[in-house]
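Undergrad: Numbering (our numbering), first residue to last: 7 to 85.
Sending over a structure as structure tokens; questions will come in a sec.
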Ligand SMILES: [Zn+2]
């Protein structure tokens, strides 16, 4: 009889890193806007007010992710 050992280790090593956390909010920036403030939500996701700068891409779009609440601020392609 072979004795089977059940691994108690959770299978997290091979878990693919998600591009965005589940349920992350996406906030659209105004045209030409690169600076945006974020303080999360009033609830559990609240955090101190911080200012973020969206990095403009070659196509004119821009985006930045809040390091606190993972909220994504996006600016559509200019034009
Ligand atoms: Zn935030």
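Where a beta carbon is used, it is the ideal one built from N, C-alpha and C, also for glycine.
Alpha carbon to alpha carbon, how far is residue 75 from residue 32? Give it in angstroms, no decimals.
TA: The residue given as residue 32 occupies position 26 in the chain shown. The residue given as residue 75 occupies position 69 in the chain shown. Each residue's Cα considered, the two are about 11 angstroms apart.
Undergrad: Looking only at its own chain, which residues have a Cβ that is under 6 angstroms from the Cβ of residue 62, when we skip the five neighbours before and after it?
TA: If you number the chain shown from 1, residue 62 lands on position 56. Same-chain partners within the cutoff: 68.
Undergrad: Closest to residue 72 by C-alpha separation, out of 64, 82, 54, would be which residue?
TA: As a working note, residue 72 is residue 66 in the chain shown. The candidate whose alpha carbon is nearest that of residue 72 is 54.
Undergrad: Measure from the alpha carbon of residue 47 to the alpha carbon of each residue in 56, 36, 70, then state which is nearest.
TA: Position 41 of the chain shown, counted from the start, is the residue given in the question as residue 47. It is 56 whose Cα lies nearest to the Cα of residue 47.
Undergrad: Taking DSSP as the reference, what is the three-state secondary structure of residue 39?
TA: Mapped onto the chain shown, residue 39 falls at position 33. It is coil, neither helix nor strand.
Undergrad: Here's a check: name, in chain order, each residue in its chain whose Cβ is nearer than 7 angstroms to the Cβ of residue 59, leaving out the five neighbours to either side.
TA: Here the question's residue 59 lines up with position 53 in the chain shown. Cβ neighbours of residue 59 beyond the five flanking positions: 40, 41, 70.
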